[in-house]
Amino acid sequence: MAKISENTEVALPLRNMISLIAAASIATWAYFGIVERINNLETSTTMMKSDLNFNTEFRIKWPRGEMGSLPADSEQFMMIEHLSEELEKLTVEIESGEAPFDQQQKLQINFMMKRIEALEEAHEKIRNDIMDLIHSNSRIPPQTRSQHEGH
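For the sequence shown, my numbering gives the first residue as 16, with consecutive numbering after it.
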């Protein structure tokens, strides 16, 4: 039986010794490469879980308006609010008969009514003049203006 102690000598060829050192170095390098790859995968998985959680939160809260809004959304909301105010003003003006279009129509109707009244007066004057002319040429006694109504 062989006794092994601190002073036991081992005779190994140099080639085998270099092979053992190379194998240990390659094994150490491979181990740390595997550990680095595992760390990268764990970090990537952690980041993906974080993104997934944020995406889920965003998907739920964004439509509710709990996460703010885009500048375009804010601009649209302001435009909608402005249009709503304008609609309320126009509704009040329309209901009171003071809408811009109604005022224009009212002015046109008043103008047309004055023109119609003037034309009716002119027509009545011409009609009476014609009747007076007919009566004077046919030697029919002239009638008063109220008697011309039936012709």
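Note that the Cβ used here is the ideal one computed from N, Cα and C, for glycine as well. Treat the numbers as computed from the prediction; the structure is a model and nothing was measured.
Through-space distance from residue j to residue i, alpha-carbon basis
i	j	result
I109	E103	10 Å
Q123	H150	40 Å
T71	R52	28 Å
R74	G48	38 Å
E90	W77	17 Å
L105	E132	33 Å
M127	E139	18 Å
L27	L56	42 Å
A137	D144	10 Å
D88	A45	54 Å
Span of the alpha helix (DSSP H), counted from its first residue to its last, around residue i
i	result
N170	One cannot answer for residue 170 here, as it falls past the ends of the chain, which runs 16 to 166.
M94	P86 to E110
Residues of its chain near residue i, where Cβ-Cβ distance is below 6 Å and the 5 sequence neighbours each way are ignored
i	result
G112	none
E24	none
Other residues of its chain near residue i: CB distance less than 8 Å, five sequence neighbours each side excluded
i	result
H166	Model confidence at H166 stands at a pLDDT of 49, short of 50, so the residue's coordinates are unreliable and nothing is read from them.
P86	none
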